[in-house]
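In our numbering, the protein residues as written are 10 to 132.
Backbone N, C-alpha and C define an ideal beta-carbon position, used for all residues, glycine too.
Here is the structure we will look at, set down as structure tokens.
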Amino acid sequence: MEQQQQKTLKSANTVQDILGDNLFQQPVHVSDVKQVLESMRDVAQNISQDQLRAIVFLKQMGENKTIHPNGNPYETLINAILTDYKVAVANPAFYLDTIEELIPKPPKPIVFAPSGKQVSTGR
Numbered sequence: 010m011e012q013q014q015q016k017t018l019k020s021a022n023t024v025q026d027i028l029g030d031n032l033f034q035q036p037v038h039v040s041d042v043k044q045v046l047e048s049m050r051d052v053a054q055n056i057s058q059d060q061l062r063a064i065v066f067l068k069q070m071g072e073n074k075t076i077h078p079n080g081n082p083y084e085t086l087i088n089a090i091l092t093d094y095k096v097a098v099a100n101p102a103f104y105l106d107t108i109e110e111l112i113p114k115p116p117k118p119i120v121f122a123p124s125g126k127q128v129s130t131g132r
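What follows is the structure in structure tokens.
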């Protein structure tokens, strides 16, 4: 019986969220924003074709046993390019736009003209 009450309460909250213009849960705490930004680190900056060619070239050079008999000395550089350096050169606007989208915005007001036609406020 208690599960039924919890389902009813949950669906009532969902209906209230929809009526209150909260179709999507909005992050409220700084930790939520931080979690979203950390999950987006891997997609912050795409690797260009030139960078990818350079990585492939470094891998191929490192596989040459004549020059590098002790293994690939470029492996740490390749890993740094694919992880740390990629994030370090990401455009800050990417993160700022993400933060801006996480901020809840009030619904756009709808204004009716004297003729009865709907007019947007342009926000």
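Quick check: what's the CA-CA separation for residue i versus residue j?
i      : j      : result
Asn100 : Leu111 : 18 angstroms
Thr107 : Val65  : 32 angstroms
Gly71  : Asn79  : 10 angstroms
Ser124 : Pro113 : 33 angstroms
Ala97  : Glu109 : 21 angstroms
Gln134 : Pro118 : Any answer about residue 134 is impossible in this case: the structure gives the chain only from 10 up to 132.
Pro36  : Asn81  : Bear in mind that the predicted position of Pro36 carries a pLDDT of just 49, short of 50, making it unreliable; the figure below should be weighed with that in mind. Cα-Cα distance, rounded: 44 angstroms.
Val45  : Asn55  : 18 angstroms
Tyr104 : His77  : 40 angstroms
Asn73  : Thr92  : 24 angstroms
Arg50  : Thr75  : 38 angstroms
Ser48  : Asp41  : 11 angstroms
Whose CA, out of the options, lies closest to the CA of residue i?
i     : options                      : result
Ala63 : Pro113, His77, Glu84         : Glu84
Ala53 : Pro116, Lys95, Phe121, His77 : Lys95
Ser57 : Ile90, Tyr104, Lys74, Leu105 : Ile90
For a quick check, are the C-beta atoms of residue i and residue j less than 8 angstroms apart?
i     : j     : result
Ile87 : Leu67 : yes
Is it buried or exposed, residue i, if we count other Cβ atoms within 10 angstroms and call 16 or more buried?
i      : result
Val120 : exposed
Pro116 : exposed
Checklist entry - Which parts of the segment 47-128 are runs of the beta strand (DSSP E), unbroken and 3 residues or longer, counting only runs that do not cross its ends? => result Segments of the beta strand (DSSP E) lying fully in the segment 47-128: 119-121.
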